[in-house]
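J.: End of the sequence shown sits at 120 in our numbering; the numbers just go up one at a time, nothing left out.
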Amino acid sequence: MEVDGEAANWRRVRNMWVHRTSASKTLRSSAARRCIYCNHPVEWYERADNGERLPLLLEQFPVRLLPERYWWSVFNGLVYRGADDDYFRIAHPVVCSAVDHEYDQALEGLRRKYRVDTAT
Ligand SMILES: [Zn+2]
Numbered sequence: 001m002e003v004d005g006e007a008a009n010w011r012r013v014r015n016m017w018v019h020r021t022s023a024s025k026t027l028r029s030s031a032a033r034r035c036i037y038c039n040h041p042v043e044w045y046e047r048a049d050n051g052e053r054l055p056l057l058l059e060q061f062p063v064r065l066l067p068e069r070y071w072w073s074v075f076n077g078l079v080y081r082g083a084d085d086d087y088f089r090i091a092h093p094v095v096c097s098a099v100d101h102e103y104d105q106a107l108e109g110l111r112r113k114y115r116v117d118t119a120t
């Protein structure tokens, strides 16, 4: 039997689980954020090597775009150095428009793009 207004007493609850084989216990929905300095969307992951959290850009890039020192990849919920299948992801801080970066020819195009994207 439905009582008027009863629906208002229910909160929508999302059930989420971390798969038991996942090395990371971070819920993906809670890892999607915006950079607090430039407001660009980022996704946080734990580093496999030291457990520190690292914000990555959401996009993947082909390996020909940047030198290997900028390559990160995600496997089993953790982030590793290197590319995955000729694609990699970039740590947000190297292109964050709120940071004063040393000039790096390889990154200038991307930094310019993100400065424009986050200027509004
Ligand atoms: Zn930023």
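C-beta atoms are modelled at their ideal positions from N, C-alpha and C, and glycine is treated no differently.
(1) Thinking C-alpha only, which one of 59, 110, 24 is nearest residue 94?
(2) Between which residues of its own chain and residue 83 is the CB-CB distance below 7 Å, once the five residues before and five after are set aside?
(3) For residue 45 versus residue 66, is the C-beta spacing smaller than 8 Å?
(4) For residue 74, which residues does DSSP report across the bridge?
(5) Please confirm whether residue 103 and residue 61 have their CB atoms less than 8 Å apart.
(6) In terms of residue numbering, what span does the alpha helix (DSSP H) encompassing residue 114 cover?
(7) In the DSSP assignment, what residue or residues form a beta bridge with residue 94?
(8) When the Cα atoms are used, what is the spatial distance from residue 118 to residue 31?
(9) Do you know how far the Cα of residue 38 is from the Cα of residue 107?
(10) Tell me where the beta strand (DSSP E) around residue 48 begins and ends.
T.: Once the coordinates are examined:
(1) Walking along the sequence shown from the start, residue 94 turns up at place 94. Distance check between residue 94 and each of 59, 110, 24 places 110 closest, using alpha-carbon atoms only.
(2) What you label residue 83 is simply residue 83 of the sequence shown in a count that begins at 1. 63, 71, 73.
(3) By 1-based counting over the sequence shown, the position of residue 45 is 45. By 1-based counting over the sequence shown, the position of residue 66 is 66. Not closer than 8 Å, so no.
(4) Walking along the sequence shown from the start, residue 74 turns up at place 74. According to DSSP, residue 74 shares a beta bridge with 79.
(5) Within the sequence shown, the letter at position 103 stands for residue 103. Within the sequence shown, the letter at position 61 stands for residue 61. No. Outside cutoff.
(6) For the purposes of this step, residue 114 is taken as residue 114 along the sequence shown, with counting starting at 1. From DSSP, the alpha helix (DSSP H) with residue 114 extends over 108-117.
(7) Walking along the sequence shown from the start, residue 94 turns up at place 94. Beta-bridge partners of residue 94 (DSSP): none assigned.
(8) Residue 118 sits at position 118 when you count from the first residue of the sequence shown. Residue 31 sits at position 31 when you count from the first residue of the sequence shown. One C-alpha to the other measures close to 20 Å.
(9) Position 107 of the sequence shown, counted from the first residue, corresponds to residue 107. Position 38 of the sequence shown, counted from the first residue, corresponds to residue 38. Answer to the nearest angstrom: the Cα atoms are 17 Å apart.
(10) Along the sequence shown, one-based indexing puts residue 48 at 48. Looking at the DSSP string, residue 48 is not in any beta strand (DSSP E), and its letter there is neither H nor E.
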